[in-house]
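Have a look at the structure below before the remarks.
Numbering (this note's numbering), first residue to last: 31 to 123.
Below, the structure written as structure tokens:
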């Protein structure tokens with residue numbers, strides 16, 4: 031089993047942060063690839079973020095209403111295989 035860290039993507043052109051509107055998953059949930067994880071709102075739109083991997087949610091960062099920086103960890107998963115945790119931990123947030 032590996033660990034995969036999904037970071038908040040830039041969903042707009044040059045967006046620096048987004049507001050977490052709400053979660054569709056919680057810690058312990060098993061999720062499928064492309065399953066909706068959370069809703070975020072930028073200055074232009076509300077966007078559904080989907081899972082890039084299948085696995086079990088081990089951490090969900092942020093509370094509804096909180097501003098999150100693009101590139102910051104959003105969801106952590108336990109996945110089959112190696113995951114990306116070593117790359118994620120060495121990369122600057």
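From the three backbone atoms N, C-alpha and C, an ideal C-beta is built for every residue, glycine too.
To the nearest angstrom, how far is the alpha carbon of residue i from that of residue j?
i: residue 98; j: residue 108; result: 22 Å
i: residue 57; j: residue 68; result: 13 Å
i: residue 44; j: residue 91; result: 22 Å
i: residue 83; j: residue 61; result: 8 Å
i: residue 34; j: residue 114; result: 5 Å
i: residue 32; j: residue 102; result: 19 Å
Out of the options, which one is the CA nearest neighbour of residue i?
i: residue 87; options: 46, 63, 47; result: 63
i: residue 39; options: 74, 58, 70, 33; result: 70
i: residue 65; options: 105, 80, 35; result: 80
i: residue 72; options: 96, 31, 110; result: 96
i: residue 52; options: 110, 93, 59; result: 93
i: residue 110; options: 59, 49, 85; result: 85
Buried or exposed for residue i, please, with buried defined as at least 16 other CB atoms from any protein chain shown within 10 angstroms of its CB.
i: residue 112; result: exposed
i: residue 129; result: Since the first residue shown for the chain is 31 and the last is 123, residue 129 is missing from the structure and cannot be characterised.
i: residue 89; result: exposed
For residue i and residue j, which I take to be in contact (beta-carbon distance under 8 Å), what is that distance rounded to the nearest angstrom?
i: residue 36; j: residue 105; result: 5 Å
i: residue 55; j: residue 77; result: Wrong, their Cβ atoms sit about 16 Å apart, outside the cutoff.
(Q) To test your reading of the DSSP string, which unbroken beta strand (DSSP E) runs of 3 or more residues are found completely within the stretch 42–78? (A) 47–53, 66–71
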